[in-house]
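Structure first, commentary second.
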Amino acid sequence: MTVRFFSSADVGAPAVRGNTAGDMINVFDKCLVSGYGSKLPAGWTKPFTGTNVAVFKTGAGSRGMHLRMSEPVSSGAYAKADVAGFESMSDVNTGTGRFPSAATLPDGVYWYKKYSGSADTDARQWWLVASESFVIFMIQTYPSQFVGNPGYYSEMYCFGDLENTGPNDAYATIIQGSTSSSGNSSGDSPMNSASLGNTQSGLYMPRSYTGIGGSFQAGWMHDSSKAGSTSWGSSSSYLQYPHGPDGALLLSPIWVGEPGGTNGSNLRGTVPGMWGPMQRGLSRLDMFDGQGQMAGKKFMVWAHYNTRACIEISDTWGS
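Heads up: take any position in the sequence shown, counting from 1, add 96, and you land on the numbering used here.
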């Protein structure tokens, strides 16, 4: 797998505006499929397209899942793409193994690009990290707030195959997004941990590890027992920063759980490229190099209100 990092600050990067249908689809096309400027794509394909609709398929070495994105014209307070995963698709509107299911969320989950009150024509700041099998997308939905309120109106979404899965788990794929009609995720979501057996809003998988049944709502979690808080990198964390004995910043993998009740839940794998800091002390877009067991890795901090995630932007996922 090769990890590639893209941002709206790149030369030749495509723009995402609040009032233009298809802009987010174009970003995913350029980053995942065709490239732009000196940037090579992440190795996905785009097997089907329609008017302001596209289907992206994960690339070599992946489980071959499909990401369907519909980005209609919007004249309202919020603008978004309606997004869903599929196990397989035969055209832009037809597929099997949809997650989340149409019965659960008819539109899929929402990936917002515009928050109420923001100028429609202003280009949004965005960042995207992807391998052939996983993508993390971050966007500032209210551009004028980027400097004045760091972490406000900052959304993060993801789709693709998990790492560290069971050897026969053919369905260890997730999609994560908003289920709210508001264009601004409130509180700590999605950078907060659900205890094993519970679920995370907007997080879905196609099937159980058994392969039986259909889509279900999953949970994800960092090592909140050490941090003393379920919110990633929040001011309520108990650990000192830097960590007193060794001066370290401590990062936790993000595990994805399949709820099953007492003595019945399972860990399906970890989220590629995404880490939960267990201390407070990081600011949005901070960049730093890993040390010790993390040597060779480079990270970018993403902030959402009181929470933080550390996104691995180097070609080191899974190492």
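Quick reminder that beta carbons are idealized off the backbone N, C-alpha and C, glycines included.
Linking Ser250 to Ala399 through their CA atoms gives a straight-line distance of about 7 Å. In terms of Cβ geometry, Met317 and Arg364 do not form a close pair [threshold 9 Å].
Less than 9 Å divides the Cβ of Phe395 from the Cβ of Asp385.
Under the 10 Å beta carbon count, Pro373 is surrounded by 16 or more other beta carbons and is classified as buried. Within the stretch 293-326, the runs of beta strand (DSSP E) at least 3 residues long that lie entirely inside it are, in chain order, 299-301 and 315-317. Counting other Cβ atoms within 10 Å of its Cβ, Leu299 reaches 16 or more and is therefore classed as buried. Residue pairing by DSSP places Asp257 opposite Thr269 in a beta bridge. For Val99, the secondary structure class from DSSP, reduced to helix, strand or coil, is coil. Between the stretch 178-193 and the stretch 134-151 there are three or more inter-stretch CB-CB distances shorter than 8 Å, so the stretches are counted as touching.
If you draw a straight line from the Cα of Ala391 to the Cα of Asp382, it is about 17 Å long.
Distance from the CA atom of Ala173 to the CA atom of Lys209, rounded to whole angstroms, is 11 Å.
For Ser379, the three-state secondary structure derived from DSSP is coil.
Check the Cα spacing between Asp257 and each of Ser278, Ile232, Ser276 and Ser415: the tightest is with Ile232. Contact between the stretch 195-202 and the stretch 220-232 is absent, with fewer than three C-beta pairs closer than 8 Å. Here the alpha carbons of Tyr248 and Gly377 stand approximately 17 Å from one another. The beta carbon of Pro338 is closer than 7 Å to those of Ala344 and Leu345 in its chain, skipping five residues each way along the sequence.
Non-local C-beta neighbours of Trp413 in its own chain, meaning closer than 8 Å and more than five positions away in sequence, comprise Met97, Val99, Ser227, Phe230, Glu259, Pro368 and Gly369, ordered along the chain. Remark: C-beta atoms of Arg159 and Ala266 approach each other more closely than 9 Å.
Where Gly133 is concerned, there is no enclosing beta strand (DSSP E), because DSSP gives it neither an H nor an E. For Gln241, the enclosing alpha helix (DSSP H) stretches over residues Gln241 to Gly244. In the structure shown, the three-state DSSP call for Asn288 is strand.
Assignment of beta-bridge partners to Arg113 by DSSP yields Ala219. 9 Å or more divides the Cβ of Glu408 from the Cβ of Trp351.
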